[in-house]
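Protein chains in written order, with the numbering used here: chain A, 76 to 581; chain F, 76 to 581.
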């Protein structure tokens, strides 16, 4: 058996940071008088509306994040901003602490799901930065988690901006005294008193601690592709104009630049991994029957155990056409409680999926804690079929190795067991299976013209598979090449591998 | 002003009920010996697999519900059933008590979202029947709610089966003593002891009370289009074969019958409502400015109040092309806190939506308690554009009036305020607006060839609109025809109407 676990270091896309202004550098005395405000706003609003339409036509999504102190006027500013926008083209998302469904998945999961489709605007009233602000100050998560969150946020924002999205982040800054006065004013009015909570007052008391943490965030998370803008918000008019101008500038820039066009530099000589696979491995029917029964029973027990221990599991099936994925998945699934797993068949993206980042549809299917998701084909389509058939650009598939490693790392870091199979057969075996399928009536539906077309491109696919195994075999998500000329052997090997991976975790 | 509130009685699709066997009529001594079981199963399983493929190709969705006593073997039976199915073609959904997101919407919302797309199978381990079983026995909901739930379930199951789906419902029945023994056996084994809960034991103690409630459910909810099958489950083998046979029978029948083809009989002379609309209504710019400001302030206050009182609101905008929907919606939205509303632009269904019931995509957008959803066009497309352009059959659009009324009734019954606008202009006004749009550079994007094509079919649309206003103007969801030749007048009237509707509720 060949068990591959090629760990590659993806050459991370190092870019210099442009520090945002820190809170302690902001001049909160900045003001704008009413007259000037009234003369400036209409022009800016008209321009923002025009840009929204242009971005809509070009299919560029925009993400605008509003963070800020309690009572710094986030609601008011969002309202002001959207006055200039067509309400049919945006959504405002209010971010509360995660609910149970959200809590049982990687922390960015719920935000991936809310990413706008091509040409739409998503405004976030609070965002993924809760994790490194409130959760950090209030010690809701341990130190290593919020530190890791910065890395995850960086790759998240880089991935979506590389794909063409515009990301803007505003921090609304007010002074400690101003905040206290605003809380008091809200509390005096019976119609608004409910808006001020205990945790608001706690923030005011711990204002200085928050300043330190916010400044740290501004330093760590100001990326050239997704900068922070600190907005001096003691004066509402000044803040409104500053925000609108920043939005217009970012939209204008985003209209020009569309996607990251330069491919990343990939290094490392690609080993011809598939060459060394010994396809003679096989199993007799008797051995198979005996092993299968015993192994299925074991897997079933483990299924209950991961449910109780809340461990999520991802199993990825990739392989040549006719390598036996369907039958293999069925034997794996048979041993599991159907309430605990889902099989996700993956084919070409549909038209909604096409208007999103290619990883979006897979983020939606990330298993929740205690559940198993089996992907029948997966995100690896990006570096195989989409590469070979030129459905995406060279820059895109080359970038994908790193993006996929980041995606899997985030799942693994949140506790997910990841098992990935490449079901390998040789060309001759494929041919004989194709013929067999054509000749047996109840198997004929399995073979299509596309299978024959793919077969003709065997060598191109083979090179893509070798590179994929090399670049995306990581410690937390290793590939297992399964010798599948003998189906019985392949079925036992996949079940064994899944069992071993789960046992290692438990 | 014309305020329409035409209440129509939709001639409900009365069908006789075919009572399922009641629990008290079941013979729990039924058994199947191992030999017979082993000889029957393989043939049945092969057949079920073939039928799954055939239904997949034909695009027929299948919904299979499993209800039953605690420890009646639902998990085992579901497992057994899916052994014969391709795991890439089905999902198993475990139904727990609703979470917060679900609780804040009509109770069928979460099940609509889980309806399978064309050709897929959805298996429910517990289902919407929780509402009329556990919730009823445990008195989680008042009597009038579970009684109403039966009506809602009937229309839900009728709507999806009319659209071509197959619905099967199994109740797994075991005796009181058998249940007790199974609980004890589970508790003895440390690996399974966790499966038996306090509420399981409570069910055993209250067995007789449950029998009464279950029998009542079997009587009320056995519809010819979605029958209940009581499965004698003291003997597992007998139950497995009975279930598989019932699935095969239903799939075979479902392959033949695809959709409800006969249109319902619609009665009532359709009044020419649009004829009597006085389009001369207008408002001066000064009156408008003053009113708008005052009304927007009022609506903003109401927005906060419905948030606090957890009232959901649906606002539907329909109207002629160029009637001014966009500008109207913008004035309405401006007055609302963006965190409390969403504008949903509706165009032709995308390819995922096309594989579902036409109401599915609107169910997904039902507002949660305390939020406002504004639909810019809506489900009424079914009885307007889809009717006029023949995108659906006569049976389908005629059926839609009743389906829409049921949908809106379910929203209203769960507390939703529903406001529906028809923005009305005359043909001459439309022409002048089309010309104006073509001549003003920043408005040119608003006019397309399709607008001109629709205009040519004015009379057909007009007849469809009259019938729509007549058949779907209900007490809980009245239409308001808005005289929109004067845009300023129209904007104030819509805001006024929304305000009045919310005030009536509060």
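Even for Gly, the Cβ is constructed at its ideal location relative to N, Cα and C.
query: Cβ-based neighbour list, residue 236 of chain A, same chain, cut-off 7 Å, excluding 5 preceding and 5 following; result: 242, 300 and 301
query: Residue interval of the beta strand (DSSP E) (run including residue 135 of chain A); result: Looking at the DSSP string, residue 135 of chain A is not in any beta strand (DSSP E), and its letter there is neither H nor E.
query: Inter-residue spacing [alpha-carbon to alpha-carbon] between residue 230 of chain F and residue 481 of chain F; result: 7 Å
query: Neighbouring residues, chain A, relative to residue 169 of chain F (Cβ below 8 Å); result: 414
query: Option nearest residue 541 of chain F by Cα separation, candidates F:431, F:470, F:186 and F:350; result: F:350
query: Residue 464 of chain F in three-state terms, based on DSSP; result: coil
query: Same chain only: Cβ atoms within 6 Å of residue 185 of chain F, ignoring 5 sequence neighbours per side; result: 177
query: Assigned secondary structure, residue 252 of chain A (DSSP; H/G/I helix, E/B strand, else coil); result: helix
query: Beta-carbon proximity check, residue 580 of chain F vs residue 441 of chain F, cutoff 9 Å; result: no
query: Cβ of residue 153 of chain F within 9 Å of any chain A Cβ; result: yes
query: Chain B contacts made by the region 390 to 414 of chain F, where a contact means CB separation under 8 Å; result: No chain B appears in this structure, whose protein chains are A and F.
query: Per-residue burial, residue 110 of chain F [other beta carbons within 10 Å of its own, 16 or more giving buried]; result: exposed
query: Three-state class that DSSP yields for residue 509 of chain A in the structure shown; result: helix
query: Residue-level contact to chain A via CB, residue 163 of chain F, 9 Å cutoff; result: yes
query: Contact check, residue 330 of chain A vs residue 566 of chain A, beta carbons under 9 Å; result: no
query: Any C-beta of chain F under 9 Å from that of residue 513 of chain A; result: no
query: Residue closest to residue 411 of chain F, alpha-carbon to alpha-carbon, out of F:395, F:427 and F:380; result: F:380
query: Inter-residue spacing [alpha-carbon to alpha-carbon] between residue 297 of chain A and residue 245 of chain A; result: 11 Å
query: Contact set between residue 316 of chain A and chain F, taken where Cβ atoms lie within less than 8 Å; result: Under the 8 Å cutoff, chain F gives no residues; its nearest Cβ is about 19 Å from residue 316 of chain A.
query: Separation of residue 555 of chain A from residue 358 of chain A, as counted between CA atoms; result: 18 Å
query: Assigned secondary structure, residue 562 of chain A (DSSP; H/G/I helix, E/B strand, else coil); result: helix
query: Closer than 7 Å at the beta carbon, the chain A residues around residue 451 of chain F; result: 163
query: Within 7 Å of chain F by C-beta, residues of the region 132 to 153 of chain A in sequence order; result: 150 and 153
query: Selected residue, minimal CA-CA separation from residue 124 of chain F, among F:506, F:396 and F:327; result: F:327
query: Stretch pair the region 302 to 311 of chain F + the region 142 to 159 of chain F: three plus CB contacts closer than 8 Å; result: yes
query: Straight-line Cα distance separating residue 397 of chain A from residue 559 of chain A; result: 10 Å
query: Cβ-Cβ distance between residue 261 of chain A and residue 252 of chain A below 9 Å; result: no
query: Short Cβ contact (9 Å threshold) for residue 136 of chain F with residue 226 of chain F; result: no
query: Which of helix, strand or coil DSSP assigns to residue 244 of chain F; result: strand
query: Spatial neighbours of residue 336 of chain F in its chain, beta-carbon cut-off 7 Å, leaving aside the 5 residues before and after; result: 470
query: Contacts around residue 170 of chain F, its chain only, beta-carbon distance under 7 Å, and the 5 residues preceding and following it disregarded; result: 199, 200, 201, 202 and 205
query: Unbroken beta strand (DSSP E) run spanning residue 102 of chain F, endpoints; result: From DSSP, residue 102 of chain F is part of no beta strand (DSSP E); its letter is neither H nor E.
query: Three-state secondary structure assigned by DSSP to residue 225 of chain F; result: helix
query: Cutoff 8 Å; reference residue 121 of chain F; Cβ partners in own chain excluding five residues on either side; result: 159
query: Under 9 Å from the C-beta of residue 173 of chain F: neighbouring residues of chain A; result: Correct list: empty, because the minimum Cβ distance to chain A is about 12 Å.
query: Assumed close pair residue 551 of chain F, residue 475 of chain F - CB separation to whole angstroms, cut-off 8 Å; result: Rounded, the Cβ-Cβ distance is 18 Å, inconsistent with contact.
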